[in-house]
Amino acid sequence: MMMGELQSLASSGLPAVLVNALTLAVAARPQDKAQGHYELQGDDVLMNVMQFATQGPEQKKAELHAQYIDIQLLLAGEERILFGVAGSARECEEMHSAEDYQLCSRIEGQQSVVLKPGMFVVFMPGEPHKPGCAVEMEGEIKKAVVKVRASLISA
Ligand code: CU
658 MMMGELQSLA
668 SSGLPAVLVN
678 ALTLAVAARP
688 QDKAQGHYEL
698 QGDDVLMNVM
708 QFATQGPEQK
718 KAELHAQYID
728 IQLLLAGEER
738 ILFGVAGSAR
748 ECEEMHSAED
758 YQLCSRIEGQ
768 QSVVLKPGMF
778 VVFMPGEPHK
788 PGCAVEMEGE
798 IKKAVVKVRA
808 SLISA
């Protein structure tokens, strides 16, 4: 897990592949886009734009991925994301390989981060995360999840 803010992206320390993916995402102006799925660089860099109301964490399951890195970028509202280190997911369901996700009911040693607009968090494959959680009260958020094929940086 790495976190940062768009305004200091250049000094974020992120690998160039991830900086480039975020730069592509921002250039696509996700805040002006309808909800949906966008290809930014073939199927190597994808972007899902979402708008929904946050919920209490007990109403959600954590997710993890195997093939894609997630960059969770908040555009509007406030969002809490619960997460854990790689290998900390417990009580997991089957992996959906075609859609590259697995749902898990528990995160061992769970951590939490609160995002404001312009902030992002990166989850590497195997790192469980539960996005879309309420901070103080439930509220509407708009966000982009930028998905980057992990093999682009595994070299
Ligand atoms: Cu995810």
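Offset between the sequence shown (1-based) and the numbering used here: plus 657.
Note that beta-carbon positions come from the ideal geometry of N, C-alpha and C, so glycine has one too.
For the alpha helix (DSSP H) that contains ALA678, what are its first and last residues?
673-684
Am I right that GLU735 and VAL770 are in contact with their C-beta atoms under 8 Å? What's the rounded C-beta distance?
Contact flag wrong, Cβ pair sits at about 11 Å.
Hey, is the segment 726-734 in contact with the segment 772-792, meaning 3+ C-beta pairs nearer than 8 Å?
yes
Nearest to ALA691 by CA position, among GLN698, ASP700, GLY699, MET704, is which residue?
MET704
Tell me the rounded alpha-carbon separation between ALA667 and GLY775.
14 Å
Any residue with its C-beta under 5 Å from a non-hydrogen atom of the ligand CU counts. Can you list them all in chain order?
GLU720, ASP727
Mapping the DSSP letters down to three states, classify SER745 as helix, strand or coil.
coil
Secondary structure, beta strand (DSSP E): runs of 3+ residues fully inside the segment 683-727:
693-698, 702-710, 719-721
In the DSSP assignment, find the unbroken beta strand (DSSP E) run with PRO788 in it and report its ends.
786-790
Locate the beta strand (DSSP E) running through ILE738, then write down its first and last residues.
736-740
Taking just the CA atoms, how far does LEU760 sit from LEU663?
29 Å
Is it a yes or a no for the segment 738-750 touching the segment 684-703, going by three-plus beta-carbon pairs under 8 Å?
no
Roughly how many angstroms separate the alpha carbons of ASN677 and GLY766, rounded to a whole number?
32 Å
Helix, strand or coil for GLN767 per DSSP?
coil
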